[in-house]
Amino acid sequence: MSELFQAVVAAGQGDVRADEDGWYGREFVFGNDFPGFAGHFPGSPVLPAMVQMLAGASLASRWLDRIPEVRSVSNAKFLAPIAPDVAVTVQARAQGPDAAVVRVLLGDRLAATFTLGFSTSL
Numbered sequence: 403m404s405e406l407f408q409a410v411v412a413a414g415q416g417d418v419r420a421d422e423d424g425w426y427g428r429e430f431v432f433g434n435d436f437p438g439f440a441g442h443f444p445g446s447p448v449l450p451a452m453v454q455m456l457a458g459a460s461l462a463s464r465w466l467d468r469i470p471e472v473r474s475v476s477n478a479k480f481l482a483p484i485a486p487d488v489a490v491t492v493q494a495r496a497q498g499p500d501a502a503v504v505r506v507l508l509g510d511r512l513a514a515t516f517t518l519g520f521s522t523s524l
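First residue of the sequence shown? That's 403 in my numbering, and the numbers climb one at a time after it.
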């Protein structure tokens, strides 16, 4: 498991929740010292898209029973910047056996949405 993936998982707050519609969700808080902010962007840090994708992949590991290897990203829309120390809710739902739809929420506002495709090999 990569150090960045481990840092993303560690930024999770509380337990992963699943709802009746198949969405898995967890709150994340990425502190100012989170390694993903390094150099992105000096003086005005913004959470990188890759970190948001890793948060979604961490949720997908719940139904895949493994840490997924992301092989593709599609339908990506990043609608709002995410600053340090702001709570975000990341939700993911399976889309077939090797993909997940992910949404990132700032309160009740959609900050990002995308689809992750996963490698089917273990």
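Ideal Cβ positions, reconstructed from N, Cα and C, are used throughout, including at glycine.
Note that the structure is a prediction, hence the values are computed from the model and not measured.
Relative to the C-alpha of residue i, which candidate in the options has its C-alpha closest?
i, options, result
"T517", "R511, L508, G509 and R495", "R495"
"D510", "Q497, T491 and V503", "T491"
"K479", "M452, A462, Q497 and G498", "M452"
"L508", "Q493, S476, Q497 and R473", "Q493"
"L481", "A502, R464, V448 and L456", "V448"
"S476", "A514, H442 and P450", "A514"
"V488", "D417, A413 and S460", "A413"
"L406", "Q497, L461, F436 and A502", "F436"
"V431", "S474, Q454 and L512", "Q454"
By Cβ distance, which residues of its chain are closer than 8 Å to residue i, with the 5 residues on each side in sequence left out?
i, result
"L346", "Past the edges of the chain, shown from 403 to 524, lies residue 346, and the structure says nothing about it."
"R419", "Y426, G427 and R428"
Look at the Cβ atom of residue i, then the Cβ atom of residue j, and state whether they are nearer than 8 Å.
i, j, result
"Q371", "E429", "The requested residue 371 is not part of the displayed model; the chain covers only 403 to 524."
"P483", "G433", "no"
"G438", "V504", "no"
Quick one: what's got a C-beta closer than 7 Å to residue i's C-beta in the same chain, skipping five residues either side?
i, result
"E471", "F520 and S521"
"L456", "L406, F407 and V410"
Any heavy atom of the ligand NAP closer than 7 Å to the Cβ of residue i?
i, result
"K479", "Only the bare structure without any ligand can be found here, which leaves the ligand NAP out of the picture."
Report the partner residues of residue i according to the DSSP bridge assignment.
i, result
"V490", "F430"
"Q415", "E429"
"V506", "V492 and A514"
"F407", "F407 is not bridged to any residue."
"A451", "None, per the DSSP bridge assignment."
Quick one: is residue i buried, meaning 16 or more other Cβ sit within 10 Å of its Cβ, or exposed?
i, result
"P444", "exposed"
"V506", "buried"
"P499", "exposed"
"S460", "buried"
Excluding the 5 residues flanking residue i on each side, which residues of the same chain have their C-beta closer than 6 Å to its C-beta?
i, result
"A462", "P470, A494 and A502"
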